[in-house]
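Below: one structure, written as structure tokens.
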Amino acid sequence: MSRGVRRLLAAAVALAVLLVAGCLAGDRRDPWAGQRPETLVVATGGASGIYHGYGAGLAEVLDERYGMSVEVLETGGSVENLRMLADGRAQVAFSTADAVGDAVTGSGSFSGPMPLRALARVYDDFIHLVVPADSDIEAIEDLRGRDVSLGAPGSGTSLIASRLLEAAGIDQRALRGQSLGIARSIEALHAGDVDAFFWSGGLRTPGITQLSEELDVRLVPLGDLVDEVRARHGSGYRHGVVPAGMYGLRRDVPTLAVPNFLVVPADMPDPVAHGLVATLFDARSRIAAEVPTASQLDRVRAIFTEPADLHPGALRFYRETKP
């Protein structure tokens, strides 16, 4: 083979490598297969909670990288988010697995089955029952006759609080319940207007971290209720622990944990779902810099979204990126 032919072959190989690399880079720049939406509405939660921070971080990345106009809605939480998804007010929603379970079966707060699909299991919530450190409330049974925030109407917190009270054999009428979101719950506990509040959120929740810096607080153990809640409402619940040191806690606190999903309508185009999941993983470190919980996003665990099926576009992403 002549030197000239060898040079031509080498040049052709180099060009082919560049073309392939360019195509791959193009795929990374646009995982939407040409169907990237111009606008998107994401239903999150209260401003002091993780849903809102997580959604805002994702929206920022979608705007900066793809020029998408993303509206992040501050909401009451999971149940309200799913209703927004059902009536078209949002295209993406954060929700706890238990609320998703009610939505897909048309039970609880939902009058009929919702056609939704999951993009990912993003992180797990840990149920907080927060009291001042010097409170005489030592167990959930001590809430009888007390002023207690049960979470915002339409929130995952409200749903789980009612199930925990039910498992403990406590009629909600036995306490003075208030329906406050996380920000107002924190303010009310700080002001002495409530004796305790429930919160379903990731570790660590920014608003409770700030509260613990201004007021000594502790968490009431709930671990002994997990098996009863699971028996009544399904295996989506599990045992969890809020570790010592978090929020200034002196010891580990056993509690109930529940997964959080990012969900979309079942009829979302496959390329859009694929692009959202690809961006979610690609931007994980960026979002986690502001919302540390986002670092829990894991490709192996993300596919476990029972009772919701994975969206076909999301499933394609997981198959493409399988180790």
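Note that the sequence shown covers residues -25 to -1, 1 to 298 in mature numbering (1 follows the signal peptide of the UniProt record, and there is no 0).
We put the CB at the ideal spot given by N, CA and C, even for glycine.
Pairing Pro287 with Arg205, the inter-Cα distance amounts to about 29 Å. Within the region 169 to 218, complete alpha helix (DSSP H) segments of at least 4 residues are found at 181 to 189 and 201 to 208, given in chain order. When secondary structure is reduced to three states using DSSP, Val266 falls in the coil class, being assigned neither helix nor strand. Boundaries of the beta strand (DSSP E) harbouring Phe101: Leu91 to Pro107, taken from the DSSP string. Cβ-Cβ separation between Ala127 and Gly51: approximately 4 Å, consistent with a contact (criterion under 8 Å). The beta carbons of Ala136 and Phe101 sit no closer together than 7 Å.
Taking the CA atoms as reference points, Val16 sits about 44 Å from Asp111. Annotation: Gly83 to Asp77 spans about 6 Å, alpha carbon to alpha carbon. Secondary structure at Ser260: helix, using DSSP grouped into helix, strand and coil.
Beyond the five residues adjoining it in sequence on each side, Ala143 comes within less than 7 Å, by CB distance, of Ile115, Glu116 and Leu200 in the same chain, given in chain order.
Taking the CA atoms as reference points, Pro90 sits about 19 Å from Gly211. The shortest CA-to-CA distance from Thr254 to any of Val105, Thr19 and Gly32 is the one to Gly32.
Bounds of the beta strand (DSSP E) holding Ser124 are Asp122 to Ser124. In the three-state reduction of the DSSP assignment, Gly152 falls in the strand class.
For Val233, the closest alpha carbon among the candidates Val216, Asp242, Gly87 and Pro244 is that of Val216. Of the candidates Pro196, Asp38 and Val54, the residue whose Cα lies closest to the Cα of Arg226 is Pro196. Taking C-alpha positions only, Arg276 is separated from Phe85 by approximately 27 Å. Bridge partners of Pro240 according to DSSP: Leu91. Counting only residues of its own chain and dropping the five nearest sequence neighbours on each side, Gly81 has a CB closer than 8 Å to the CB of Gly87, Pro88 and Met89.
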